[in-house]
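S.K.: Before I ask anything, here is the structure I am working with.
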Amino acid sequence: MSQRSVVDQLSWAARLLTREREIMLAPIGLNPAYVPVLLALSSGGAHTPKALSQAAEVEQPTMTATIQRMERDGLVTRKANPDDGRSALIVLTQNGYDHIADMDRALGALNELLLEQFTTAERGQFLELLGRVVAVLEVQTGRAG
217 MSQRSVVDQL
227 SWAARLLTRE
237 REIMLAPIGL
247 NPAYVPVLLA
257 LSSGGAHTPK
267 ALSQAAEVEQ
277 PTMTATIQRM
287 ERDGLVTRKA
297 NPDDGRSALI
307 VLTQNGYDHI
317 ADMDRALGAL
327 NELLLEQFTT
337 AERGQFLELL
347 GRVVAVLEVQ
357 TGRAG
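Quick note: the sequence shown, position 97, residue 313 per the numbering used here, numbers continuous.
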């Protein structure tokens, strides 16, 4: 299999996975862009928009728009940042916390769908190999560490 075939297969898989994730999250009213924010805030912490954009690996204007949509949907709220009066901290609302279990179930179901064709041993091998691919790409893009 040529390198181009690997790239093509991974690109196609990523597009299909993105679409399936949208489909799995839509019934619970979540946009896939909300997932990294919900995960970052799920432990009860408060984060700046900048910290959330770093956690999600998106540009700050993209995160600002995501936070605005999440505020509109009642998932997060802003509170004053005691360390910096010019910025706000983002925290989950009760509605946001309530959505985490639904999100975990939806994404868990998607994970099972993807892995159900593999034996337990194959799952481990697949995840190990995929991890190695990700590690190479992280080094190439400067995101390792």
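Glycine residues also receive a C-beta, built at the ideal position from the N, C-alpha and C atoms.
#1: Rounded to the nearest angstrom, what separates L257 and L308 at their Cα positions?
#2: Apart from the five residues on each side of it in sequence, which residues of its chain come closer than 8 angstroms, Cβ to Cβ, to L305?
#3: Which residue spans inside the stretch 268-353 form an unbroken beta strand (DSSP E) run of at least 3?
#4: Could you check where the alpha helix (DSSP H) with L254 kicks off and where it finishes?
#5: Is Q225 helix, strand or coil when you go by DSSP?
#6: Go through its chain and collect everything with a Cβ distance to D224's Cβ below 7 angstroms, but skip five positions before and after it.
#7: By Cβ distance, which residues of its chain are closer than 6 angstroms to S303, with the 5 residues on each side in sequence left out?
#8: Measuring straight from C-alpha to C-alpha, what distance separates S221 and L331?
#9: For V349, count the other beta carbons within 10 Å of its own beta carbon; 16 or more makes it buried, fewer makes it exposed. Which is it?
#10: Using only CA atoms, which one of V355, L353, I316 and Q333 lies nearest to I244?
#11: With a CB to CB cut of under 7 angstroms and the five nearest residues on each side skipped, what residues in its chain are close to L362?
#12: Use the C-beta contact count for T234: other C-beta atoms within 10 angstroms, 16 or more gives buried, fewer gives exposed.
M.R.: The relevant details are as follows:
#1: What you label residue 257 is simply residue 41 of the sequence shown in a count that begins at 1. What you label residue 308 is simply residue 92 of the sequence shown in a count that begins at 1. The alpha-carbon atoms of L257 and L308 are separated by roughly 6 angstroms.
#2: As a first step, residue 305 must be located in the sequence shown, where it is residue number 89. Excluding sequence neighbours, L305 sits near A262, H263, T264, R294, K295, A296 and N297.
#3: 292-296 and 304-308
#4: Walking along the sequence shown from the start, residue 254 turns up at place 38. Here the alpha helix (DSSP H) through L254 covers V251 to L257.
#5: Here residue 225 refers to the residue found at position 9 of the sequence shown. It is helical.
#6: Against the sequence shown, residue 224 aligns to sequence position 8. Nothing meets the Cβ criterion.
#7: As a working note, residue 303 is residue 87 in the sequence shown. Here the set comprises T264 and N297.
#8: Along the sequence shown, one-based indexing puts residue 221 at 5. Along the sequence shown, one-based indexing puts residue 331 at 115. Their Cα atoms are separated by approximately 22 angstroms.
#9: Translated into positions along the sequence shown, residue 349 becomes position 133. With fewer than 16 Cβ atoms within 10 Å of its Cβ, V349 is classed as exposed.
#10: The residue you call residue 244 lines up with position 28 of the sequence shown. Residue I316 is the option with its Cα nearest to I244.
#11: For residue 362 there is no data in the structure shown, the boundaries of the chain being 217 and 361.
#12: Taking the sequence shown and counting its residues from 1, the one referred to as residue 234 is at position 18. Flag for T234 reads exposed.
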